[in-house]
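Data block below; observations after.
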Amino acid sequence: QKEVEQDPGPLSVPEGAIVSLNCTYSNSAFQYFMWYRQYSRKGPELLMYTYSSGNKEDGRFTAQVDKSSKYISLFIRDSQPSDSATYLCATLLMNTGFQKLVFGTGTRLLVSP
Amino acid sequence: GAGVSQSPRYKVAKRGQDVALRCDPISGHVSLFWYQQALGQGPEFLTYFQNEAQLDKSGLPSDRFFAERPEGSVSTLKIQRTQQEDSAVYLCASSFLGYTGELFFGEGSRLTVL
């Protein structure tokens, strides 16, 4: 079992739709969770960062962590074609002494005009 | 430049050749990481440097993989006697020494082994 599981998609939605992207993780000790966005042939870039449970909002993006079910979500409101990318969830292993990230496989999102 | 710079962007190698991939991190970033991203997969950790010290190389797939950062800035990932399964995008990332999970990635070096 991978430490972070993610549906690879692709997920196709029309412009303006609300998008829900999800991950599950296996280790209840994980506390830090990130969403990275990766455009085609580019490196990942940090989109959202959350610690422990709860919600965090940044513009059209909301990150949610439910530690009881080991579930991580990213919601995108009013989706735009420019949101078309692969979204990677990641968690941070804290017992290594450095920022060792474990990534999911990524979900490819396609937003059509 | 302001970002992480990687070269070459694309590399085609014949099986058995040696390759060297370069990473120039953001100036002042203490931490440097190498990740491997296979097609359709998320990045997988290879190795970590804090300044010139390689503190973790647990993700390197075999002893054919070698990384160095001799002066604590530019890093090179070397793959000896390349195999087809080495075909992937090799991502370099850097950050300040911290624990927020924010890594700044380069655009990657895409290696194809024929």
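Residue numbers (the numbering used here), protein chains in the order written: chain A, 1 to 113; chain B, 1001 to 1114.
Glycine included, each C-beta is placed from N, C-alpha and C at the ideal position.
Owing to the predicted nature of the structure, the values given are computational and were not obtained by experimental measurement.
Nearest residue (CA-CA) to Q1084(B), options L1111(B), P1043(B) and L1055(B): Of L1111(B), P1043(B) and L1055(B), the residue nearest in Cα terms is L1111(B).
Test item: CB-CB of Y49(A) and G1101(B) under 8 Å: Their beta carbons are under 8 Å apart, which means Y49(A) touches G1101(B) by this criterion.
Residue-chain proximity (Y1090(B), chain A), Cβ-Cβ < 8 Å: Look at Y1090(B): its C-beta is not under 8 Å from any C-beta on chain A.
P14(A), enclosing beta strand (DSSP E) - first and last residue: Element bounds for P14(A): L11 to P14.
Nearest neighbour of S28(A), chosen from S40(A), L11(A) and I72(A) [CA to CA]: Cα-wise, what sits closest to S28(A) is I72(A).
Three-state secondary structure assigned by DSSP to E1052(B): Correct three-state label for E1052(B): coil.
Neighbour flag for T62(A) against chain D, beta carbons, 8 Å: Absent here is chain D; the protein component of the structure consists of chains A and B.
Residue-chain proximity (D1056(B), chain A), Cβ-Cβ < 8 Å: Taking Cβ atoms only, chain A reaches closer than 8 Å to D1056(B), which makes this a yes.
Chain-order list of residues whose beta-carbon lies under 7 Å from that of Y36(A) (same chain, five-residue window excluded): Excluding residues within five positions, the ones whose Cβ falls inside 7 Å are P44, E45, L46, L47, L88 and A90.
Nonlocal neighbours in the same chain, by C-beta distance under 7 Å from Y1035(B), ignoring five residues either side: Correct list, in chain order: P1043, E1044, F1045, L1046, L1091 and A1093.
Three CB pairs or more closer than 8 Å across the segment 2-17 of chain A and the segment 93-111 of chain A: As far as the Cβ criterion goes, the segment 2-17 of chain A touches the segment 93-111 of chain A, which means the pair count is three or higher.
For F61(A), the nearest candidate out of R77(A), G54(A) and S69(A) (CA to CA): Of the listed residues, the one whose Cα sits closest to F61(A) is R77(A).
Start and end residues, beta strand (DSSP E) containing T1082(B): From DSSP, T1082(B) is part of no beta strand (DSSP E); its letter is neither H nor E.
Anticipated Cβ contact below 8 Å, T1076(B) with R1022(B), distance rounded: Their Cβ separation, rounded to whole angstroms, is 6 Å, which keeps T1076(B) and R1022(B) in contact under 8 Å.
Proximity winner among Q99(A), T86(A), L101(A) and S112(A), relative to N22(A) (alpha-carbon distances): Taking only the C-alpha atoms, the option nearest N22(A) is T86(A).
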